Amino acid sequence: MLDLEHLVRNDSHVLVRDRALDIKLNWLRAAVLGANDGIVSVAGLVMGVAGAGADQPAIILAGIAALVAGAISMGGGEYISVSAQRETEASAGRNRLNITAHPWAAAWSSAAAFSLGASLPLIAMAGPWEQKELATAIAVIFALTLTGWWAAWAGKFPIARSIARNVGVSILTMGLSFLIGQLLGVTIL
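For the sequence shown, the numbering used here begins at 920 and goes up steadily by one.
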């Protein structure tokens, strides 16, 4: 005879475990996405402004503005997304496991991840070395190699593909931004 109560109990345990894994993977995805977005978008911006011939203070100012705007945008977007997900699940009665999303926690962690990532190209561009653009590119490629490795390791998918994706997108972003800056040749006052 089948013990249905035992099966139901085991099923709900698996659902809780799968849901907990989903939450961890979503956190990992959001953290890596936030950090990568901060690294790539601010690196692209400072490289574009540098390519236009701006001086270091103007480049750093543009980078700081991008860091602040990006962190607010990422945090706000995450807050809106998680709030909408929570409201949708509540209205559909799908929160059987009583696991609640935390929009403000998601917002702060996304903004923090973006800020951490964005600070790297700013620090590299503000450094005392002669070849600031090269130093920034090297720092960005190194950081994105690490985040690509970490995401692949945690998600158990091919490491080389993850790193190649991260580094490829960053090289394309920085290169095109620098080239557009040079082509436009706009001097920032």
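The beta carbon of each residue, even a glycine, is placed where N, CA and C say it ideally should be. Remember, it's a predicted structure, so these values are computed and weren't measured experimentally.
Taking the Cβ atom as the reference point for each residue, do T1055 and M966 lie within a distance shorter than 8 angstroms?
-> The residue you call residue 1055 lines up with position 136 of the sequence shown. The residue you call residue 966 lines up with position 47 of the sequence shown. Yes, they are a contact pair.
In or out: P976 buried (at least 16 other Cβ within 10 Å) or exposed?
-> The sequence position of residue 976 within the sequence shown is 57, counting from 1. Classification of P976: exposed, given that the 10 Å Cβ count is below 16.
Residue from G1074, G996 and S960 whose Cα sits closest to the Cα of S1029 | Within the sequence shown, numbered from 1, the residue matching residue 1029 stands at position 110. The option with the nearest alpha carbon to S1029 is G996.
Would the beta-carbon of A985 fall within 8 angstroms of that of A1037?
-> Counting from one through the sequence shown, the residue named residue 985 turns up at place 66. Counting from one through the sequence shown, the residue named residue 1037 turns up at place 118. With respect to A1037, A985 sits close: the two C-beta atoms are nearer than 8 angstroms.
Cα-Cα separation, F1097 to A990 | As a first step, residue 1097 must be located in the sequence shown, where it is residue number 178. As a first step, residue 990 must be located in the sequence shown, where it is residue number 71. C-alpha separation (whole angstroms): 23 angstroms.
Chain-order list of residues whose beta-carbon lies under 6 angstroms from that of L1041 (same chain, five-residue window excluded) = The residue labelled residue 1041 in the question sits at position 122 within the sequence shown. The residues are G982.
Going by other Cβ atoms of all chains shown within 10 Å of its Cβ, with 16 needed for buried, is L1103 buried or exposed?
-> In the sequence shown, counting from the first residue as 1, residue 1103 sits at position 184. L1103 should be labelled exposed.
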